[in-house]
Structure formats: C-alpha cells, structure tokens
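Numbering (the working numbering), first residue to last: 4 to 109. Let me begin by presenting the structure, written as structure tokens, before commenting on it.
Here it is, written out as structure tokens:
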C-alpha cells in the first residue's frame with residue numbers, strides 16, 4: 004500500500020471494493036508520524052471466505068488510486084504485535100461494557 008495510507012484509507016479502499024462489513028479490524032504499521040506506513044496492512048476478516056475473496060479481488064491490482072506497484076494480498080502467518088494488542092484491548096473494552104450493561108439490569 005502507499006506509504007501515506009493509514010488504516011482509514013485502507014478501510015475506504017476495502018469498502019469500495021465491496022468488503023464493508025466483512026472485516027472487523029485493520030492495522031497499518033507506521034514508521035513514525037512523519038514518515039508514513041511500512042507499506043503493508045493487516046486486515047482481520049470475519050470469515051475465511053471473505054479473506055479469500057479479498058485476496059482474489061486485490062492481488063495484482065493497484066491499491067485504490069495509488070500508482071505504486073500492484074498489490075500482493077496474501078494470508079499472514081503471524082500478526083503484528085501492535086495489531087494483536089489493539090484487538091485484545093478492543094475485546095476487553097467490549098467485555099467491560101457488557102459486564103456494565105448486565106450489572107445495570109439487575
């Protein structure tokens with residue numbers, strides 16, 4: 004993906020490609036605030052079928068309107084540690100909200 008892309012731009016491209024609602028997390032590792040991304044993203048799809056569809060749809064094509072090399076979409080054998088931590092934090096927040104909601108109904 005282009006260096007200037009962040010997770011918002013990646014999500015826009017995915018949504019425009021027909022994958023809105025088919026993924027539940029997107030992480031774009033950044034070099035630092037001024038240098039942009041590392042040129043790749045991690046996207047967690049809701050189902051293996053959705054992931055396979057995205058790989059077929061994006062592989063070999065330009066990512067969005069960028070003029071960088073064609074996209075190489077593939078399965079990840081490992082997740083970026085930041086992505087894993089952010090998903091764990093989101094899950095913990097969701098569980099905390101659920102506990103609060105349940106406690107509020109007693």
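Beta carbons are placed, not taken as given, at the ideal position from N, Cα and C, and that holds for glycine.
Between residue 31 and residue 16, the C-beta spacing is not below 8 Å. Bridge partners of residue 35 according to DSSP: 39. The Cβ atoms of residue 6 and residue 39 sit closer than 8 Å to each other. For residue 46, the enclosing beta strand (DSSP E) stretches over residues 45 to 48. The residues 25, in chain order, have a CB closer than 6 Å to that of residue 53 in the same chain once the five nearest residues on each side in sequence are set aside.
DSSP places residue 74 outside any alpha helix (DSSP H), giving it a letter other than H or E.
Residue burial is scored here from C-beta neighbours: residue 46 has at least 16 other C-beta atoms within 10 angstroms and is therefore classed as buried.
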